[in-house]
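Written below as structure tokens is the structure these notes are about.
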Amino acid sequence: MKLLVVLPLWALFAVTQQKAPSDDCLCELISSEKQFPYDKLKAAQDAALGCTNIVTPQKVGQAPRFQMDLNLLRVYIHALLDYLLLRQSAALDSLLLGLSRRLPQLEQDVAMLEKEDDGELFGVLSLHIIENELVEIQQMIDKLNRTTAESDRLSENVAQQLENVQEEMEELEKFDTMQVVKRQQANQRLKRDLDQCRNNGVFPTIQPTQPIGGACPHGRLVNITGPRVHTAGEYPGSYKYGAWGRDPKPEPGKESWHWRVMLTSSNIYAHYVRLYSSLSSLIVGISVPGNVHIHPSNPTTNTIQGPNVVLYAGALYYNCYNKDAVCRFDLTSKGVTTLDLPKGTRYNSKGNFCHLEECYPFTDLDLATDESGVWVVYTTTQDHGNLVLSKVEEGEPPKLSRTWRTSVYKRSVTNTFMACGVLYATRFVSKNTEEIFYSLDTTTGKESFKVGIFINKVSSDILSLNYSPVDQMLHVYSDAQMLSYKVLFQMW
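Next up, the structure:
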């Protein structure tokens, strides 16, 4: 008897449902490289921040945020170690200074007691004072010992933590298979070498077209101190851009007058100069004789464009509105004459002063005064953006007489001024510091990139800078504030 087994046909096949076709395509990417351990980088950053909190409750610097910038974090670690050593040294120095001042005083008191002890009340009181001083000195010595011990423990603890972080960073650099970090380090070395070349003055000497004879009667500029004056005038917080100062060649009876120009329209334009009978009047905001208008409307032809303005011999010199030209406005006759600059001069905010974070708009032309008169600083297309200096000769109209071409790029400069025939250029260091880093002596034609004179700022941006030969003061307009600094010279 045969056994027959009957199977249904659907049991012999695996049946699957198919989805409707879709436009999406999913791909799986398998990298042959090891995955970067972002958690370890985050832990290293947190450890560096933790060391900061141990060393000081105030931040010594902002640690790098969570990003793959190993060089920046390494620099931060070294800076933190340096700060730790400096902080310990400062604390110990303070205590030692206190002891060095107290011990001689104690010695004097003992000598006085030995000399004037009468065996009665005076001697008892003097001895009591000496006992109190001895107690205070002993307390200072105890504190010095505690500080030294705490500093040692802190140094060992933090140094060990930072060494661990540094080792972790070295491990993380192994993931840099594209050599990004090494290229960054090479770029930093090249930048350092370039800065050293600049500081060593490895640049061609610029010969003046017509050298100015004579030497500065004050000597050479060696320092800037101050500010001596710091005021917002009658408009505190208003009119961020502008300029102020004194007339180096005033008319009789106006020797103490001061002036101010505020860019009242869009922080770009102005159409009047404001006069003050004295510095005190400017500080308290009493304008007498008041405003002298170039034109009733603003802006328009021959009104002021940009903050770099100067007053000389009763006339205002400035960048003419919408022109590559210098305007001269006579405050007495109210007449305006113009001086066209060379062809290719950049204007209308195409050749500004700048630093890394921003450029100052409409600073294409910078007017300056010194003992010899009026100067103009600008740049041209044919000079590839480098500073150009020209002497402005008085007259109706004024004209250019001599020109010097420099090797400093204008957009790397934040401002310029003239003092005793020498052009000085500044650059932004921080929100608190500006550096005078460059000079061009128009007598010799010699350039220097290592002047190294620093200006202490009260606000981030210096928008106008001009030297007054009347009192050797540097007038600064900075974010709606007016300041003056003393310029110090030294005889050769």
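Count the sequence shown with mature numbering (1 follows the signal peptide of the UniProt record, and there is no 0) and you get residues -18 to -1, 1 to 474, in order.
Positions of the beta carbon are idealized from the N, C-alpha and C atoms, including for glycine.
- Residue nearest to D461 within the set T425, V318 and P218 is P218 (criterion: CA-CA distance).
- The distance from the Cβ of I119 to that of D91 is about 11 Å, inconsistent with a contact at the 8 Å cut-off.
- Note: C309 is bridge-paired with Y300 and T320 in the DSSP secondary-structure output.
- Judged by DSSP secondary structure, V358 falls within the beta strand (DSSP E) whose first and last residues are G355 to Y360.
- Pairing S269 with R256 gives a Cβ-Cβ distance under 8 Å.
- Only residues of its own chain outside the window of five on either side were considered, and among them W239, H240, W241, R242, L264, I268, S269 and V270 have a CB closer than 8 Å to the CB of Y258, listed in chain order.
- If the five residues before and after N205 are omitted, its C-beta is found closer than 7 Å to the C-beta atoms of I435 and L470, all from its own chain and listed in chain order.
- Less than 8 Å separates the beta-carbon of W226 from that of M464.
- Residue burial annotation: T363 is exposed, with fewer than 16 other C-beta atoms found within 10 angstroms of its C-beta.
- Residues of the same chain with a CB within less than 6 Å of the CB of D423, apart from the 5 flanking positions on each side, are V404 in chain order.
- In terms of Cβ geometry, L261 and V211 form a close pair [threshold 8 Å].
- Under the criterion of beta carbons closer than 8 Å, T207 and K392 do not qualify as touching, at roughly 28 Å.
- Boundaries around L264 are those of the alpha helix (DSSP H), L261 to V266, since no beta strand (DSSP E) includes it.
- For the pair N273 and Y299, the CB atoms are not nearer than the 8 Å cut-off.
- R202 and H277 have their C-alpha atoms some 41 Å from each other.
- Taking the Cβ atoms as the reference, I286 lies roughly 12 Å from A307, outside the contact range of under 8 Å.
- The C-beta distance from N414 to S389 rounds to 29 Å, too long to fall under 8 Å, and the pair is not in contact.
- In the structure shown, A350 adopts extended strand secondary structure according to DSSP, grouped into three states.
- Only residues of its own chain outside the window of five on either side were considered, and among them L203, D352, Y449 and V469 have a CB closer than 7 Å to the CB of A401, listed in chain order.
- The residue among K325, E375 and P289 with its C-alpha nearest the C-alpha of F335 is P289.
- Spanning the alpha carbons of A295 and V452 requires a straight line of approximately 12 Å.
- Per DSSP, the continuous beta strand (DSSP E) segment holding D423 begins and ends at T415 to D423.
- In the DSSP secondary-structure assignment, Q287 is bridged to Y251.
- Under the three-state reduction of DSSP, I276 is assigned to coil, being neither helix nor strand.
- In the structure shown, the three-state DSSP call for M244 is strand.
- Assignment of I435 by DSSP, reduced to helix, strand and coil, places it in the strand class.
- Per DSSP, the beta-bridge partners of V292 are Y299.
- As a beta-bridge residue in DSSP terms, W226 pairs with R242.
- A Cβ-Cβ separation of about 4 Å places F410 in contact with H337 under the 8 Å criterion.
- C309 counts as buried, since at least 16 other C-beta atoms from the protein chains shown sit within 10 angstroms of its C-beta.
- DSSP, read as helix, strand or coil, puts E138 in helix.
- Its Cα nearest to that of L445, the residue M244 stands out among K381, T319 and M244.
- At a Cβ-Cβ threshold of 8 Å, T396 and Y406 do not count as neighbours.
- Assigned with DSSP and collapsed to three states, T129 falls in helix.
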